[in-house]
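Residue numbers (our numbering), protein chains in the order written: chain W, 24 to 300; chain U, 26 to 190.
Ideal Cβ positions, reconstructed from N, Cα and C, are used throughout, including at glycine.
For reference, the structure discussed in these notes is given below.
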């Protein structure tokens, strides 16, 4: 017996090689059913820790692929949610416009803003309605919050609207409380003011509406509210600053009031006078 | 001390995990490196024939457990490869990195040839299908693995060289 042990220890390289090769060959020559059995037995005994950790790794790998798939799904759902949110906002906007439509007895034409002046302060917009829709020059354009501007050019399918923030656009307005009439002006498209007589009864917070005297805007359309009354610099006039109720950077859907200007009959003469000037 | 004994099992486990998880994403035209062969090479060349034989057998057997139909085939080929690499044990002969690279490449060829021969003997595959595989798959895989082994070797060898300086 000793000599066998001595033989194995002195020739351990070759004996271990032969032993393991023999075991491998025995496993290879086994029937498939037996191979299956051996594999199962080894998997659940000495190789269990390996199997366990490797299966955990496979799970981690699956987690990565699952994570990637979830990210893709998430992106797709985020896009869908964004679309739905946009539609919900549009719906709310249109609902507001519908409410406005029911409030006014005028003939309103819904229009969508399709283009705007490509500058930091856009002073004009293009809407998707035109002569074909009964829109003509000098028609007022409004939205639920108030006056937006007026149509200055009407083409068959679109119209150019001059916004209130255009320095060349001056609007006749009145203080809703004291009925003081003035001209709304702006020099930079951001600060709006009215020059009232020094003794005029106007205070911060008063609502400013259109006076209807300009010939374009109908009387009583909301323009904004007085934000502050500047300190007296002029003995005759005081400058009253107005916060406009419409955000001209967020115009999407507007209404054109299909009403003929009260000066329509004089329009051609006025236009020729303007051209001469 | 504990790390000294755990180092190799951890390396083998890491290679096994990487081979099944990360390595498939490194494949180039379907060719991917065999990290287990690379680590078996480094182990056997350092510790000699007997450890190489045992580790080769267990690594092969672990691979076989995934495909019980070829149970023993990987264990057999890796046992032989473990023994062959062990012949070039660092304690017995000094070989420079270039020679080691060639040995590793040749071992890949021997491994796949043996695997092929066993498959032929078991009639699980045909000669005319397997021989082209030796050129189309084995050689690119061996080259790719040798490149990976070079990285291992750099990681193992360069710090020592720096210490000697």
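TODO: Report back the beta-carbon spacing between residue 78 (chain U) and residue 126 (chain U) to the nearest angstrom; my notes put them in contact at under 8 Å.
DONE: That belief does not hold up - the Cβ atoms of residue 78 (chain U) and residue 126 (chain U) are roughly 23 Å apart, past 8 Å.
Task: Start-to-end residues for the beta strand (DSSP E) that takes in residue 205 (chain W) - done: 204-209
- [ ] Taking residue 159 (chain U) as the reference, give the member of U:175, U:180, U:133 and U:40 with the closest Cα.
- [x] U:133
Task: Listed by chain order, chain W residues near residue 48 (chain U) by CB distance under 9 Å - done: The premise fails here: residue 48 (chain U) is roughly 11 Å from chain W at the closest Cβ pair, so nothing lies under 9 Å.
Open item on the list: Assess contact between the region 269-279 of chain W and the region 146-162 of chain W, defined as three or more Cβ pairs (one per stretch) separated by less than 8 Å. Is contact present?
Closed with: yes
TODO: Taking the CB atoms as reference points, tell me whether residue 58 (chain W) and residue 94 (chain U) lie closer together than 8 Å.
DONE: yes
TODO: Going by DSSP, name the residue or residues bridged to residue 166 (chain W).
DONE: W:169
Open item on the list: Any beta carbon of chain W sitting closer than 8 Å to that of residue 240 (chain U)?
Closed with: Outside the displayed span of chain U (26 to 190) sits residue 240 (chain U), for which this structure offers no information.
- [ ] Determine the DSSP secondary structure at residue 187 (chain W), reduced to helix, strand or coil.
- [x] coil
Task: Where residue 136 (chain U) falls, given that 16 or more other Cβ within 10 Å makes a residue buried - done: buried
Open item on the list: So for residue 104 (chain U), helix, strand or coil by DSSP?
Closed with: helix
- [ ] Report the residue from W:186, W:162 and W:234 whose alpha carbon sits nearest the alpha carbon of residue 273 (chain W).
- [x] W:186
TODO: Give the residues of chain W in contact with residue 35 (chain U), contact being defined as C-beta atoms less than 8 Å apart.
DONE: Under the 8 Å cutoff, chain W gives no residues; its nearest Cβ is about 11 Å from residue 35 (chain U).
TODO: On a CA-only basis, which of W:130, W:196, W:47 and W:201 is nearest residue 81 (chain U)? Give me that one, please.
DONE: W:47
Open item on the list: DSSP has residue 177 (chain W) in a bridge; who is on the other side?
Closed with: W:182
Task: Range covered by the beta strand (DSSP E) that runs through residue 134 (chain W) - done: 131-139
- [ ] Output yes or no for whether 8 Å exceeds the beta carbon distance between residue 227 (chain W) and residue 249 (chain W).
- [x] yes
Open item on the list: Can you look up residue 147 (chain W) in the DSSP assignment and give me helix, strand or coil?
Closed with: strand
Open item on the list: Determine, for residue 75 (chain U), whether the minimum Cβ-Cβ distance to residues of chain W falls below 8 Å.
Closed with: yes
Task: Beta-carbon proximity check, residue 188 (chain W) vs residue 209 (chain W), cutoff 8 Å - done: yes
TODO: Please determine, among U:115, U:92, U:118 and U:87, the residue with the shortest C-alpha to C-alpha distance to residue 103 (chain U).
DONE: U:87
Open item on the list: Quick check: the Cα distance between residue 195 (chain W) and residue 230 (chain W), rounded to an integer number of angstroms?
Closed with: 14 Å
Task: Within chain U, partners of residue 61 (chain W) - CB distance below 7 Å - done: 96
- [ ] Mind listing the chain U neighbours of residue 36 (chain W)? Cutoff is C-beta to C-beta under 7 Å, in chain order.
- [x] 74 and 75
TODO: Kindly say whether residue 93 (chain U), judged by its beta-carbon, lies nearer than 8 Å to any beta-carbon of chain W.
DONE: yes
Open item on the list: If we define contact as Cβ-Cβ less than 8 Å, is residue 84 (chain U) a contact residue for chain W?
Closed with: no
- [ ] Kindly provide the ranges of any beta strand (DSSP E) runs that are 3 or more residues long and lie completely inside the region 223-292 of chain W, ordered along the chain.
- [x] 230-233, 245-252, 260-267 and 276-280
Open item on the list: Is there a Cβ of chain U sitting closer than 8 Å to that of residue 50 (chain W), yes or no?
Closed with: yes
Open item on the list: What does the alpha-carbon distance come out to for the pair residue 58 (chain U) and residue 164 (chain U)?
Closed with: 11 Å
Task: residue 243 (chain W) classed as buried or exposed, judged by whether at least 16 other C-beta atoms fall within 10 angstroms - done: exposed
TODO: Output the boundary residues of the alpha helix (DSSP H) element that contains residue 144 (chain U).
DONE: 122-146
Open item on the list: Would the region 252-263 of chain W count as touching the region 97-114 of chain W if we require 3 or more Cβ pairs under 8 Å?
Closed with: no
Task: Alpha-carbon spacing of residue 179 (chain U) relative to residue 157 (chain U), whole angstroms - done: 33 Å
Task: Contact list for residue 140 (chain U) against chain W, beta-carbon separation under 8 Å - done: Going along chain W, no residue has its Cβ under 8 Å from residue 140 (chain U), so there is no contact; the nearest lies around 11 Å.
TODO: Express the C-alpha separation of residue 295 (chain W) and residue 170 (chain W) in angstroms, rounding to a whole number.
DONE: 27 Å
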